[in-house]
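Engineer:
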Amino acid sequence: MATKEYALIGHPVAHSMSAHFFNEKFRIEKIDAHYTLIDLPELKGLRKQFILHPFLAGFNVTSPYKVSILETLNELDEEARYVGAVNTVTVRRGWFGRRILKGYNTDVEGFMQSIEPLLKPHHKKALIIGTGGGAMAVERACKKMAIDCRMASRRIGYKDTIGYDRITPEVIDEYKIIVNATPVGMSPHVLAAPPIPYEALTPDHLCYDLIYSPEETRFLHLAKERGATIKNGLDMLLIQANEAWKIWEQA
């Protein structure tokens, strides 16, 4: 058995490429570690996982727990505190074997590095569809890149969020970056797409989907039909995973 174990927690997680990415990395670099997927229908089941996985040294967090995980953490990195969401956690032992969990956010860096090569001078405003942990990381990244942004969701009243019914063609024309930060369109529900007026998209638009399975979501397909530049979340996944490994190595 590997001396250290890492994992992804969330629900669902079967679609994730994280285990393949990390286990291949461990094999190539001859790192004595193993990465596994842990599907948690409820976050309260996390404590039991420490018994089932006694060598757990760190884990990633995906939907729907990137915000609610904060309640279980002992410490929080400054960036994660600013974002209000966590996707990477270190596990270390304290006095009397007590586990100390510290949360970080590498989604911010992942989004920034993956979208920056596509940005053009007219990409000054971003409409973020969603208000979950992924959307919060995108919002933080946009602010760091001096891009004005606004969130849209069914969850009205959060910050300056607008409802889907207010995403008019005029709004689409104003925001030349459109980011889907919801699970809508993720496999196996590949025919679903966020309800926006796609006919208002133009070749000046950059449409980014945090989803990477399928490779081209319906959101991206409809955007491509209008001539928009499209980008899925695979590069973001790989970048944030490498950033997570840097944190685990130094923990």
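Just so you know, we're using this note's numbering here: the sequence shown kicks off at -1 and counts up by one.
Heads up, the beta-carbon is just placed ideally off N, CA and C, and yes, glycines get one too.
Report yes if the C-beta distance between Tyr206 and Lys229 is below 7 Å; otherwise report no.
Structural biologist: Contact: yes.
Engineer: Along the chain, which unbroken stretches of the beta strand (DSSP E) at least 3 residues long are found entirely within the region 37 to 104?
Structural biologist: Whole beta strand (DSSP E) segments, 3+ residues: 54 to 59, 86 to 91 and 97 to 102.
Engineer: Alpha carbon to alpha carbon, how far is Thr180 from Gly108?
Structural biologist: In a straight line, the C-alpha of Thr180 is about 17 Å away from that of Gly108.
Engineer: Are the C-beta of Asn178 and some C-beta of chain B separated by less than 7 Å?
Structural biologist: Looking for chain B here will not work: only one protein chain is present.
Engineer: Following the continuous beta strand (DSSP E) through Asp146, name the residue where it begins and the one where it ends.
Structural biologist: Where Asp146 is concerned, the enclosing beta strand (DSSP E) stretches over Asp146 to Ala150.
Engineer: Quick check: Asp105 and Gln248, are their CB atoms within less than 7 Å of each other?
Structural biologist: Not closer than 7 Å, so no.
Engineer: My parser needs the alpha helix (DSSP H) runs of 4 or more residues fully inside the region 157 to 192; what are they?
Structural biologist: Runs of the alpha helix (DSSP H) inside the region 157 to 192: 167 to 172.
Engineer: Throw me the rounded Cβ distance for the Ile160 and Ala144 pair, which I believe falls under 8 Å.
Structural biologist: Between Ala144 and Ile160 the Cβ distance is about 22 Å, and since that is not below 8 Å, they are no contact.
Engineer: Please confirm if the region 212 to 222 is in contact with the region 26 to 37, defined as three or more CB-CB distances below 8 Å between the two stretches.
Structural biologist: No, they do not touch.
Engineer: Do Tyr33 and Phe20 have their CB atoms nearer than 7 Å?
Structural biologist: Going by C-beta atoms, Tyr33 is nearer than 7 Å to Phe20.
Engineer: Compute the distance between the beta-carbons of Gly101 and Met134, then report whether it is under 7 Å.
Structural biologist: Result no, Cβ atoms of Gly101 and Met134 do not sit closer than 7 Å.
Engineer: Which residues bound the beta strand (DSSP E) around Leu125?
Structural biologist: Lys123 to Ile127 is the span of the beta strand (DSSP E), which, as asked, contains Leu125.
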